[in-house]
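Using the working numbering, count along the sequence shown one by one with no gaps and you end on 176.
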Amino acid sequence: MNSNTFNIILIAALITLDIFLIKSFINQLTYVKITVSKFDKMRIVFLISGILCFISIFLSSDIYEYARSIILTFSIFMFAFTFDGIGPKGIIITGRLIRFEDISGYDYTLDNKYLALYFEYLDDRSSTIKESIKFPKKDSNQVFDILNERMAKKHRRLKK
């Protein structure tokens, strides 16, 4: 396999990734009412990687490297700027909508800064998945309103 063939395969894979990222971003814009911006260590590393990929656009020597660098930069920035949140249909975590119907139980803790929401749901293979999401304390009343409306009977103490 020569380098042009490899670059074409890599570009096709990155375009497929971009399609999934765009779908996730549209989900966020459509379903999220209260957002959580998570600029944690992982996203900061992604932003630094995105900046380096952006710089590599100007250092590319052929059309395949140029296209690959642009598409990879777009992918990295799309992922870095995804956000989590809650809305009337469910909870979004890293672009995936977890519908309230799929959540088997939830718990929360409230401190001076955050409302931490813990919940369990079954994935496609019927495995129990545990997730958590932190909201700023100022949004806690809105989050409780949504939880009471959509999942009042599912509140129970969960092991964290």
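No residue lacks a Cβ here, since even glycine has one placed at the ideal position from N, Cα and C.
Check                                                                                                                                                                              : Outcome
How big is the Cα-Cα spacing for residue 153 and residue 126?                                                                                                                      : 8 Å
Find the nearest neighbour of residue 111 within the set 169, 33 and 19, judged by alpha-carbon distance.                                                                          : 33
Measuring CB to CB, does residue 108 end up less than 8 Å from residue 49?                                                                                                         : no
Leaving aside the five residues before and after residue 27 along the sequence, list all residues of the same chain whose C-beta is less than 8 Å from its C-beta, in chain order. : 80, 83, 84 and 87
By the 10 Å Cβ neighbour count, where 16 or more other Cβ atoms means buried, how is residue 100 classified, buried or exposed?                                                    : buried
Pull up the distance between the alpha-carbon of residue 42 and that of residue 172, whole angstroms please.                                                                       : 32 Å
Can you have a look at residue 91 and say buried or exposed, based on whether 16 or more other CB atoms are within 10 angstroms of its CB?                                         : buried
Is it right to say residue 133 is buried, meaning 16 or more other beta carbons lie within 10 angstroms of its own, or is it exposed?                                              : buried
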